[in-house]
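A.B. asks: Each residue of the sequence shown is one higher than the one before, starting from 1 at the first, in full-length UniProt numbering.
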Amino acid sequence: MAALVDPPLTGMESLDGEEASKLTALMAKLNLPPDDPNILEPLADPLTVLRFLRARDGKVDDAAKMYNSTIAFRKTKIYSLMATYGNSSDEFNTDGTRLTPATSWNWTRKTEGNNDAILMQKIGFFGRLTINGPDDAPVAIWRLGACDLFGVKDNDLVDYMCDGFAVHLEDLLQAGRAASLKHNKMVRARLIIDVGGVGMSTLPLLKTLKAIIAVGKQYFPECTATATIINAPWVFSSLWVVVKPILTKVMQRKVCILGTSWVNNPEAFTKHSGITVSALPACLGGSTPDSQVGQCEPVAPNLKYVNSNQL
Numbered sequence: 001m002a003a004l005v006d007p008p009l010t011g012m013e014s015l016d017g018e019e020a021s022k023l024t025a026l027m028a029k030l031n032l033p034p035d036d037p038n039i040l041e042p043l044a045d046p047l048t049v050l051r052f053l054r055a056r057d058g059k060v061d062d063a064a065k066m067y068n069s070t071i072a073f074r075k076t077k078i079y080s081l082m083a084t085y086g087n088s089s090d091e092f093n094t095d096g097t098r099l100t101p102a103t104s105w106n107w108t109r110k111t112e113g114n115n116d117a118i119l120m121q122k123i124g125f126f127g128r129l130t131i132n133g134p135d136d137a138p139v140a141i142w143r144l145g146a147c148d149l150f151g152v153k154d155n156d157l158v159d160y161m162c163d164g165f166a167v168h169l170e171d172l173l174q175a176g177r178a179a180s181l182k183h184n185k186m187v188r189a190r191l192i193i194d195v196g197g198v199g200m201s202t203l204p205l206l207k208t209l210k211a212i213i214a215v216g217k218q219y220f221p222e223c224t225a226t227a228t229i230i231n232a233p234w235v236f237s238s239l240w241v242v243v244k245p246i247l248t249k250v251m252q253r254k255v256c257i258l259g260t261s262w263v264n265n266p267e268a269f270t271k272h273s274g275i276t277v278s279a280l281p282a283c284l285g286g287s288t289p290d291s292q293v294g295q296c297e298p299v300a301p302n303l304k305y306v307n308s309n310q311l
């Protein structure tokens, strides 16, 4: 593929001519300098802007709209959320731009210290592991099958869970961004999704789940490179056989569905996810502490959770 040279974008991976031209046009539309490696905010480095372009299928106008809405979202939400759920509050300015260099990411999720963080650790289903995948890619775990989505919905905690999920995605975005700037190419997270326990009874909760993860599609472009689904019941595998031919080759490579006997084929898991089974949390058969992921505890009914002393 032809390298991107018109104009030069410092620290960029090689792109084909059409995508290179679109990225140049997008940066111009956003009034972002294409050749200054010292200007990285707000999300201004070419590798990060490229995420927006790819998230909107190469449509420059749509990518610009997503970028602008993302910056508006960050101005009002990111600083307070990352301070509430993080062990440090000095990574961001109050407008959501990075205070520390985007070339590194040392923020860690708080699991104690305030009720919001404590509750998210108890009932949340997501987390980033301390180990990294290929090219220093962040590794994320989603325990969808274990999460008490009924309890989240019935106790009006959907908005709260959305905030926690936004924090998780910001963690993945910034970790991937730092790795991208280090390796001069786009680095995205390796995602492992445990769907053990998901069945027909959980179908009524699809709306709740969509509400939680929708923030990703809106404000966090191209955060994941692969999604390895484990403990999938037969219905997942059957559906995949039907859907797979409809998807592009790129989309097919991004998703891998492994059944309930996936542990008997660790090579297939590692080939797709980029990590070994031993790197997983203990609850999934690995040796990493479970505390690095939300604990998916049942949500007790009729309990005033957030900002209370009842945890």
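Think of the CB as a built atom: it goes at the ideal place given N, C-alpha and C, for glycine as much as any other residue.
Measure the C-alpha to C-alpha separation of T111 and P37 and round it to an integer number of angstroms.
C.D. replies: For T111 and P37, the distance between alpha carbons rounds to 35 Å.
A.B. asks: Hey, quick one: how far does the beta strand (DSSP E) through D194 stretch, first residue to last?
C.D. replies: Its beta strand (DSSP E) spans residues A189 to D194.
A.B. asks: When the Cα of R253 is compared with those of I229, Q218 and E41, which residue comes out closest?
C.D. replies: Closest option to R253, Cα to Cα, is I229.
A.B. asks: Quick check on DSSP: helix, strand or coil for S140?
C.D. replies: Note on identity: in this sequence residue 140 is Ala, with Ser being the wrong assignment. Note: A140 maps to strand in three-state DSSP.
A.B. asks: Can you check whether the CB of W240 is closer than 8 Å to the CB of I257?
C.D. replies: It is a contact, given that the beta carbons lie within the stated cut-off.
A.B. asks: Which residues in the same chain have their Cβ closer than 7 Å to the Cβ of R188, if we skip the five residues on either side of it in sequence?
C.D. replies: Same-chain partners within the cutoff: A137, G176, E222, C223, T224 and A225.
A.B. asks: Could you give the residue range of the beta strand (DSSP E) that holds L258?
C.D. replies: From DSSP, the beta strand (DSSP E) with L258 extends over V255 to G259.
A.B. asks: I'd like the span of the beta strand (DSSP E) that includes I71, first residue to last.
C.D. replies: Looking at the DSSP string, I71 is not in any beta strand (DSSP E); the run it does join, the alpha helix (DSSP H), is V60 to Y85.
A.B. asks: Less than 8 Å between the C-beta atoms of A102 and A178, yes or no?
C.D. replies: Yes; because the gap between Cβ atoms is below 8 Å, this pair is in contact.
A.B. asks: Check each candidate in S237, A140 and G164 and name the one with the smallest Cα separation from L129.
C.D. replies: Here the closest residue by C-alpha is A140.
A.B. asks: Strictly under 8 Å for the Cβ-Cβ distance: is W262 near chain D by that measure?
C.D. replies: Looking at the structure shown, chain D is missing, and only one protein chain is on hand.
A.B. asks: Starting from the N-terminal side, write out each stretch of the alpha helix (DSSP H) that is 4 residues or longer and does not extend beyond the region 86-166.
C.D. replies: With a minimum length of 4 residues, the continuous alpha helix (DSSP H) runs that stay inside the region 86-166 are 115-123 and 149-154.
A.B. asks: Please report the residue range of the beta strand (DSSP E) in which A300 lies.
C.D. replies: Per DSSP, A300 belongs to no beta strand (DSSP E) and is neither H nor E.
A.B. asks: Measuring alpha carbon to alpha carbon, tell me which residue in I275, K122, D16 and N106 is nearest L191.
C.D. replies: Nearest option by C-alpha distance: I275.
A.B. asks: What would DSSP say about P33, mapped onto helix, strand or coil?
C.D. replies: Residue state, collapsed to three classes: coil.
A.B. asks: When DSSP labels each residue in this structure, what does I275 get in the three-state scheme?
C.D. replies: The answer is coil: DSSP assigns I275 none of H, G, I, E or B.
A.B. asks: Specify, as a first and last residue, the run of the alpha helix (DSSP H) that T208 falls within.
C.D. replies: Here the alpha helix (DSSP H) through T208 covers L206 to Y219.
A.B. asks: Determine the direct distance from the alpha carbon of D163 to that of K210, and round the result to whole angstroms.
C.D. replies: One C-alpha to the other measures close to 14 Å.
A.B. asks: Just the Cα atoms here: how many angstroms apart are P7 and N93?
C.D. replies: With a pLDDT of 33 at P7, under the threshold of 50, the modelled position of that residue is not reliable, and the figure given next carries that caveat. Computed Cα separation, rounded: 30 Å.
A.B. asks: Per DSSP, I229 is paired with what?
C.D. replies: Answer is I193 and I257, bridged to I229.
A.B. asks: Using the C-alpha atoms, what's the distance from L53 back to G96?
C.D. replies: So the two alpha carbons sit approximately 21 Å from each other.
A.B. asks: Measuring CA to CA, which of S273, S21 and N87 is closest to I118?
C.D. replies: Comparing Cα-Cα distances from I118 to each of S273, S21 and N87, the minimum goes to N87.
A.B. asks: Determine the closest residue to G216 out of V167, Q295, G124 and S291, with distance taken between C-alpha atoms.
C.D. replies: Minimum Cα distance to G216 is reached at V167.
A.B. asks: Using DSSP with H/G/I as helix, E/B as strand and the rest coil, what is P245?
C.D. replies: DSSP places P245 in helix when its eight states are reduced to three.
A.B. asks: Quick check on the DSSP output: the alpha helix (DSSP H) that includes G48 runs from which residue to which?
C.D. replies: Checking the displayed sequence, the identity of residue 48 turns out to be Thr instead of Gly. T48 -> alpha helix (DSSP H) spans P46 to A55.
A.B. asks: Helix, strand or coil for P281? Go by DSSP, reduced to three states.
C.D. replies: Strand.
A.B. asks: By Cβ distance, which residues of its chain are closer than 6 Å to G124, with the 5 residues on each side in sequence left out?
C.D. replies: Within the same chain, G124 has close Cβ partners G164 and G294.
A.B. asks: Have a look at L30 and D62 and give me their C-alpha separation to the nearest angstrom.
C.D. replies: Looking at the two C-alpha atoms, the distance is approximately 12 Å.
A.B. asks: Are there 16 or more other CB atoms within 10 angstroms of the CB of N132, so buried, or fewer, so exposed?
C.D. replies: Burial call: buried.
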